[in-house]
Structure formats: C-alpha cells, structure tokens
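Going by this note's numbering, 87 is the number at position 76 of the sequence shown; the sequence numbering is gapless.
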Amino acid sequence: MSSPTILPTDLIIEILSWLPVKFLVRFTSVSKLWKSLIFDPSFTKLHLQRSPKNTHVLFTLHESINDVDTWVVAPYSLRDLLEHPSSTVSEDEYLRFNNNTYYVVGSTKGLVCLMDDNSQQDGSREIWFQFWNPTLRLSSEKSPTLIVKPNARLSADVHCGFGYDKSSDTFKELKSALKQRS
C-alpha cells in the first residue's frame with residue numbers, strides 16, 4: 012500500500028483562497044494545519060482580495076419585551092434578499108445583545124464594529140466597543156469602558172468611526188466628544 016499523497020501548502024492555500032467563507036469555517040476542523048492557514052492574517056488578506064465585494068447587508072433589529080431591550084445584528088445576503096424577500100435568518104447567524112442603546116459603528120474587510128451607549132442615573136454615559144466577524148461567528152470581548160461625565164455648562168456628543176488604515180495594515184476606531192455650550 013502506498014503512502015497518501017500530500018499536497019504542498021502553497022497549493023492548499025491557493026485552492027482555499029477561492030472558496031466561500033462558509034466552507035472555510037467547516038474546513039478549520041480538517042486539521043491543525045488547515046485551521047492555522049485559514050486564520051493566518053496573510054491568508055485572510057488574500058481571501059478578501061478574491062472575494063466578491065458588498066454581497067451582504069447588516070440588519071439591526073430592536074425588540075422590547077417586559078421592559079427588556081434586545082438588539083439583534085444579522086448579516087443577510089443581498090442575492091437572497093432579492094430572490095427571497097420573505098426568508099428567515101437562522102439564529103446561529105446573528106448576534107444578540109440585551110442592552111439599552113446599541114449601534115453599528117461601521118464595517119470593513121468583514122469585521123463589524125459595534126458600540127453600546129448606556130446612560131447612567133448620574134447623567135454620565137458609559138460607552139464600550141466590541142468587534143464581530145459575522146462570517147466566522149466570532150466576537151471580541153468588550154473594550155474598556157469610556158465614561159462621559161455630565162457638565163452643567165457643556166454637553167458632549169460622542170461620535171465614533173471605524174475603518175482600515177492600509178498604510179499601517181491596522182483597523183482603527185475613532186472616538187470624539189464634541190463639547191457644545193448649553
């Protein structure tokens with residue numbers, strides 16, 4: 012009996028880089044090598060370059076039952092939406108939060124930046140961020156909390172942005188508090 016043929020790693024990367032992400036998620040369980048290849052940042056960049064652009068939209072839904080606010084963020088295929096406008100998103104495809112106020116700050120390169128803004132009894136606001144990859148169904152821990160204290164003479168509007176800086180190959184989150192005289 013002959014030994015099994017092993018494909019060169021470069022060939023595996025080439026083949027995998029053209030596949031849809033839903034298959035890549037499944038293939039992470041094939042072997043430790045495949046999992047490390049698929050989660051490698053250089054593979055991710057290659058896959059993003061080869062993937063069709065703007066194929067999904069994000070829906071944010073708010074529901075309040077028994078004074079409990081629930082926010083749901085769900086990705087949805089544009090093609091499916093156009094072909095089947097009344098279809099259902101399965102529960103394993105979305106992210107659910109029980110919070111007061113919830114926002115999608117932005118999305119780039121398959122990563123979504125989410126923000127929670129909770130008003131406190133003393134008038135201050137607690138703001139935190141979380142990152143989510145809907146395709147891989149992975150989310151980060153909450154960021155450290157940014158606390159915006161009230162001021163009798165000034166009010167602050169907090170504005171946030173999210174993007175990718177190609178020159179430094181990093182994702183950037185921008186927070187600014189604009190003070191306005193009351």
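Beta carbons are placed, not taken as given, at the ideal position from N, Cα and C, and that holds for glycine.
Assumed close pair residue i, residue j - CB separation to whole angstroms, cut-off 8 Å
i	j	result
L157	K120	Not confirmed; about 24 Å, so no contact.
W82	H73	6 Å
V115	V84	6 Å
P63	P145	Rounded, the Cβ-Cβ distance is 16 Å, inconsistent with contact.
F142	V123	7 Å
H170	S154	Rounded, the Cβ-Cβ distance is 16 Å, inconsistent with contact.
Among the options, nearest to residue i - alpha-carbon criterion
i	options	result
D127	D133, G117, I138	I138
Q132	L147, V159, R37, P52	V159
D176	L106, V68, L185	L185
R107	L22, V79, S42	V79
L18	R37, L44, F34	L44
E152	P161, L125, P15, R136	L125
S194	V32, K56, S53, T20	Coverage of the chain is limited to positions 12 through 193, which leaves residue 194 absent and any answer about it impossible.
Identified DSSP bridge partners for residue i
i	result
R277	Residue 277 lies beyond the residue range present for the chain, which begins at 12 and ends at 193; the question has no answer from this structure.
K183	G174
W143	V123, S150
*Does the stretch 44–56 touch the stretch 14–27, meaning 3 or more C-beta pairs lie closer than 8 Å?*
yes
_Entirely enclosed beta strand (DSSP E) segments - the stretch 46–105, minimum 3 residues_ = 67–76, 79–88
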